[in-house]
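Report on one structure; see the data block that follows.
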Amino acid sequence: MKKSRKSRFMLACGYVAFVVLLLLGTRCESRVHITTPERDAKHIAEMAELAHSEAELKAVEKMRANYEQAYRKSYGGAKALYFRSLVDPILDAAGDRREVYAAEEAYLAAQQGAFSDKLRDMDKAWTMELGSDADVVATIERNDATIEAKNAELATLIAENEQLAVDIIEAGYPEDMLNKIGELEAKIESKREEIADVEYANEIVRLAYRLQRGEELVIVEPEAEIEVVEEVM
Amino acid sequence: MKRVMIIVVAAIASVACCNRGGEGVVINEQDHENMAYDKSYELAERVVSATSYEEYQAAAEELRAYEEAFRTQIGGTSYLIFLEESNAVLNQI
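Protein chains in written order, with numbering that gives the first Met the number 0: chain A, 0 to 232; chain B, 0 to 92.
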């Protein structure tokens, strides 16, 4: 009985110690060790100089906010403002590099996209059943006819849209007409996507021909009838 | 208890082996920039000049494995070089 009490007591002590350590750990983690505003500002300047991406820059800005809060808590608003006046120009200068980072990240994303898109297209092209040359030509011509028809539909929609825009201005922007132009714009966008899909299908057929047959697909257009006009002397 | 320990250790070892097999490619940290130029050209060239689907598949798989290795192990300029060079060759087809 005595032993059981002792072991329970030890267990309780263990739990308490664990909770205390856990709380201390969290506290230590979030704590910022401030020294002097000049030294801390210098530290932040060094960190800002090392930042080479948007995420790193955000981490430095968060660090600035933590230091500022620590100064506000320990010494009051005046010291916090003084610290801020030292750090802000540094972070403004680093912030100017933001556009460069964003452009670099966008360029990298474009390269990654191009890489995976090209391999995806090649996968599709290699696994496509091509059939005979006549089948390939028929597919391309069928797609070309679809593109032509859809382009005509697109032109009609665009003309309708332009006319409606003029009518809306003349009618003083009524809501029902504004809704109608919104619907028309959505239709135009969807038509453009349909055309792009068929164009892409043609690209894949041509790529498949190049990869599987080892040569470029050349479609010879039938010669147009030439009208000969006899010169009357 | 001993049996349980043996099973756990064996399971951890096999998972570790499987993960290592998936990673496969290891990039030389001393010479990654040159490796990015050389490997991208060599592998992308193999992809575009493949004469059968099997040949293409093997080359494309290796190219993808190197792309992943450069992205996860090196990143930065060398990874970008790898992508740019690969794209330049792949776009020839």
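Where a beta carbon is used, it is the ideal one built from N, C-alpha and C, also for glycine.
Within 10 angstroms of its Cβ, does residue i collect 16 or more other Cβ (buried), or is it exposed?
i	result
B:N33	exposed
A:R63	buried
A:F82	buried
A:I157	exposed
A:Y14	exposed
B:D31	One point to set straight first is that residue 31 of chain B is His, not Asp, in the sequence displayed. It counts as buried.
A:A16	exposed
B:N90	exposed
B:S85	buried
A:I33	buried
A:E214	exposed
A:L206	buried
B:K38	buried
A:D116	exposed
Quick check on residue i: does DSSP put it in helix, strand or coil?
i	result
B:Q29	coil
B:Q35	Note that residue 35 of chain B corresponds to Ala in the displayed sequence, not to Gln. B:A35: helix per DSSP, three-state reduction.
A:P36	helix
B:T50	coil
A:S131	coil
B:Q56	helix
A:E214	coil
A:G171	coil
B:Q91	coil
A:A50	coil
A:R83	helix
A:E220	coil
A:V59	helix
Using the beta-carbon of each residue, which ones in chain A are nearer than 8 Å to residue i?
i	result
B:A59	L118, M121 and D122
B:E66	F114
List, in order along the chain, the chain B residues whose C-beta lies closer than 7 Å to that of residue i?
i	result
A:A113	N86
A:R209	I92
Taking residue i as the query, report the chain A residues whose CB atoms sit under 9 Å from its CB, ordered along the chain.
i	result
B:E83	Q110
For my contact list, residue i and residue j are in at a C-beta cut-off of 8 Å; report their separation, rounded to the angstrom.
i	j	result
A:L118	B:R45	In fact, because the Cβ distance is near 13 Å, the residues do not count as touching under 8 Å.
A:M121	B:Y55	7 Å
A:M46	A:V59	5 Å
A:L153	A:I187	7 Å
A:E48	A:Y100	Not a contact, Cβ separation roughly 14 Å.
Under 9 Å between beta-carbons, which chain B residues line up against residue i? List them in chain order, please.
i	result
A:L107	Y78, L79 and L82
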